[in-house]
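Each residue of the sequence shown is one higher than the last, beginning at 36 in the numbering used here.
Glycine is no exception: its CB is placed at the ideal position from the N, C-alpha and C atoms.
Following: one structure in structure tokens, then a few remarks.
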Amino acid sequence: MLAFKQQGYTVQGWLKEVHYQCMRVNGDFPVPMWEKEVKCISKSIANWVWYKFDIAASNRRFSELQAHRNSLRKTTINAGRTKSSRSFEIWPIQN
């Protein structure tokens, strides 16, 4: 979507591309939906993505989520552990 906006496409061009992709995927199902159903779904997807999706905000939220998960991992998994001087044992290679 970002590439579409950067290339100067309008929401109508984006809508056509999303509809095309939805129709392509719909054809893979054993019993495809009617074209009118696909059109309504693709219109909803296209409009939501065009007007509400913000890649920078999404990346920021994802980074914050990963940092939060990492802090949880550090507090629960490593609780009470001390840092070892060697993180692994060296095993001799046997032929």
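Applying the criterion that 16 or more other CB atoms from any shown protein chain within 10 Å of the CB defines a buried residue, is residue i buried or exposed?
| i | result |
| --- | --- |
| alanine 81 | buried |
| valine 53 | buried |
| serine 106 | exposed |
| serine 79 | exposed |
Can you tell me whether residue i is helix, strand or coil according to DSSP?
| i | result |
| --- | --- |
| threonine 110 | helix |
| methionine 68 | coil |
| glycine 48 | helix |
| methionine 36 | coil |
| phenylalanine 88 | coil |
Give me the Cα-Cα distance between residue i and residue j, rounded to the nearest whole angstrom.
| i | j | result |
| --- | --- | --- |
| arginine 133 | tryptophan 49 | Residue 133 lies beyond the range of the chain shown here (36 to 130); nothing can be said about it. |
| phenylalanine 39 | threonine 110 | 43 Å |
| glutamate 99 | alanine 92 | 10 Å |
| threonine 45 | arginine 108 | 44 Å |
| glycine 62 | arginine 104 | 39 Å |
| cysteine 75 | glutamine 101 | 35 Å |
| arginine 89 | glutamate 70 | For the sequence presented, residue 89 should be read as aspartate rather than arginine. Near 29 Å, if we compare the C-alpha coordinates of glutamate 70 and aspartate 89. |
| tyrosine 55 | phenylalanine 97 | 29 Å |
| phenylalanine 64 | lysine 87 | 29 Å |
| cysteine 57 | lysine 51 | 10 Å |
If contacts are defined as beta-carbon pairs under 8 Å, then residue i and residue j qualify, I think. What distance do you get, rounded to the angstrom?
| i | j | result |
| --- | --- | --- |
| valine 73 | methionine 36 | Contact doesn't hold; Cβ gap of about 19 Å is too wide. |
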